[in-house]
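Below is one structure, written out as structure tokens; comments come after it.
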Amino acid sequence: MLLTEYEYLVVAPGTAAYCDYLALRHEVFCEELKRVPSSGMCAKGMAIESDRYDIHSVHVLCRSREAGDAVGCSRLILPGPNGLNVSARYRMSQFGGVSRQQLGEIGRLTLSPRLRRSRGQMLESRRGGQRFRRDGSMVALGLYRELFHLAGQYGITHCLAAMEPSLARLLNRLGFPFVEAGPLNGDVVPARQPYVVGAHAVRAALASRNVSVYDFIMSADRTKSAAAEGGWGRSVIMPEVRREYLRLAV
Numbered sequence: 001m002l003l004t005e006y007e008y009l010v011v012a013p014g015t016a017a018y019c020d021y022l023a024l025r026h027e028v029f030c031e032e033l034k035r036v037p038s039s040g041m042c043a044k045g046m047a048i049e050s051d052r053y054d055i056h057s058v059h060v061l062c063r064s065r066e067a068g069d070a071v072g073c074s075r076l077i078l079p080g081p082n083g084l085n086v087s088a089r090y091r092m093s094q095f096g097g098v099s100r101q102q103l104g105e106i107g108r109l110t111l112s113p114r115l116r117r118s119r120g121q122m123l124e125s126r127r128g129g130q131r132f133r134r135d136g137s138m139v140a141l142g143l144y145r146e147l148f149h150l151a152g153q154y155g156i157t158h159c160l161a162a163m164e165p166s167l168a169r170l171l172n173r174l175g176f177p178f179v180e181a182g183p184l185n186g187d188v189v190p191a192r193q194p195y196v197v198g199a200h201a202v203r204a205a206l207a208s209r210n211v212s213v214y215d216f217i218m219s220a221d222r223t224k225s226a227a228a229e230g231g232w233g234r235s236v237i238m239p240e241v242r243r244e245y246l247r248l249a250v
């Protein structure tokens with residue numbers, strides 16, 4: 001997959017791209033996974049999903065450059081008047097030495113259902129032909145990179161996230177060392193647990209486990225390097241768990 005086939009946007013309320021972003025959230029979290037009740041809100045004729053944490057969050061949308069379709073999204077909740085979403089739903093441990101102003105939350109991270117279909121399934125392209133589905137794991141990795149850079153820009157040194165333990169183990173194998181931040185909550189379906197990861201821990205883990213992913217995540221000028229190299233520059237080595245990764249969403 002060429003990186004230049006997709007673009008990552010920080011989207012702001014009131015824009016068409018922000019509506020597409022909220023519509024993708026509704027499609028996945030309300031309709032498909034049924035983890036968030038639908039509020040009945042609509043924009044541009046589309047059902048959308050939004051909550052009180054959006055007002056102090058930074059929102060990332062990934063879309064296809066060719067077709068303009070939304071293929072992935074996430075948000076980084078910043079310290080704000082409503083606190084963090086994970087704190088309201090999970091029993092949390094104390095974070096020694098981590099200021100609340102340096103603690104954010106990764107949430108609503110997902111890929112479009114069309115990008116999570118099985119490898120052999122064919123998709124109709126806008127040009128009328130057929131092609132195999134692109135590697136959604138690379139799009140997801142790009143979302144983590146955007147979040148990593150945004151966290152640095154906003155002074156966030158540690159990020160919380162609620163996820164299934166299987167996803168946490170997978171992310172650890174990729175080089176994102178999430179550690180338990182509280183007990184498993186069996187009252188949510190499927191059962192999920194709060195985790196926390198620090199920026200320094202991510203750098204150290206990626207540098208020791210997967211140099212190509214480290215280079216990609218840490219690249220300073222993402223657009224320039226992608227255009228100059230025509231894509232990734234080198235293959236990004238992913239573990240043998242790619243299809244499980246595509247089925248899971250934070």
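Under full-length UniProt numbering, the sequence shown has 48 at position 48, and the numbering climbs by one with no breaks. Beta carbons: idealized from backbone N, C-alpha and C, even for Gly.
Q) How many Å lie between residue 182 and residue 5 at the Cα? A) Computed Cα separation, rounded: 39 Å.
Q) Would you call the CB atoms of residue 150 and residue 60 closer than 9 Å? A) Contact: yes.
Q) So, residue 74 versus residue 147, is the Cβ gap smaller than 9 Å? A) Yes, the Cβ-Cβ distance between residue 74 and residue 147 is below 9 Å.
Q.
Ignoring anything shorter than 4 residues, give me the alpha helix (DSSP H) runs that lie fully in the stretch 73 to 99, in order along the chain.
A. Annotation: the stretch 73 to 99 contains the following complete segments of the alpha helix (DSSP H) (minimum length 4 residues), in chain order: 85 to 89.
**Q.** DSSP state of residue 154 mapped onto helix, strand, coil
**A.** DSSP places residue 154 outside both helix and strand once states are collapsed to three, so it counts as coil.
Q | residue 137, DSSP secondary structure in three states | A | Here residue 137 sits in helix by DSSP.
Q | Start-to-end residues for the beta strand (DSSP E) that takes in residue 217 | A | Element bounds for residue 217: not the beta strand (DSSP E) but the alpha helix (DSSP H), 211 to 218.
Q: Could you tell me which of 85, 16 and 99 sits nearest to residue 57, measuring between CA atoms?
A: With distances taken between Cα atoms, residue 57 lies closest to 85.
Q | Nonlocal neighbours in the same chain, by C-beta distance under 6 Å from residue 23, ignoring five residues either side | A | Annotation for residue 23: 46 and 48 place their beta carbon closer than 6 Å to its own, counting only its chain and skipping 5 residues before and after.
Q. Does the beta carbon of residue 84 sit closer than 9 Å to a beta carbon anywhere in chain B?
A. The chain inventory of the structure shown lacks chain B, comprising one protein chain alone.
Q. Is residue 178 closer than 9 Å to residue 161 when the C-beta atoms are compared?
A. Cβ atoms of residue 161 and residue 178: closer than 9 Å.
Q. Where DSSP assigns a beta bridge to residue 194, which residues make up the other side?
A. In the DSSP assignment, residue 194 is bridged to 162.
Q) What is the DSSP secondary structure of residue 110, counted as helix, strand or coil? A) Here residue 110 sits in strand by DSSP.
Q: Report the three-state DSSP secondary structure of residue 226 (helix, strand or coil).
A: Any reading at residue 226 is ruled out, since the residue's pLDDT is 36, under 50, leaving its predicted position unreliable.
Q | Endpoints, alpha helix (DSSP H) assigned at residue 262 | A | Residue numbering for the chain in the displayed model covers 1 to 250; residue 262 lies beyond these limits and cannot be assessed.
(Q) Please report the distance separating the alpha-carbon of residue 157 from that of residue 114. (A) Cα to Cα, residue 157 sits roughly 33 Å from residue 114.
Q | Per-residue burial, residue 123 [other beta carbons within 10 Å of its own, 16 or more giving buried] | A | Residue placement at residue 123 is poorly supported in this model, since its pLDDT is 42, which falls under 50; the coordinates are not used for a value here.
Q: Report yes if the CB atom of residue 142 is closer than 9 Å to the CB atom of residue 8, and no otherwise.
A: Yes, these two residues count as a Cβ contact at 9 Å.
**Q.** Paired residues, beta bridge with residue 104 - DSSP
**A.** Paired residue(s): 159.
Q | residue 59 - partner residues in DSSP beta bridges | A | BP columns for residue 59 point to 11 and 75.
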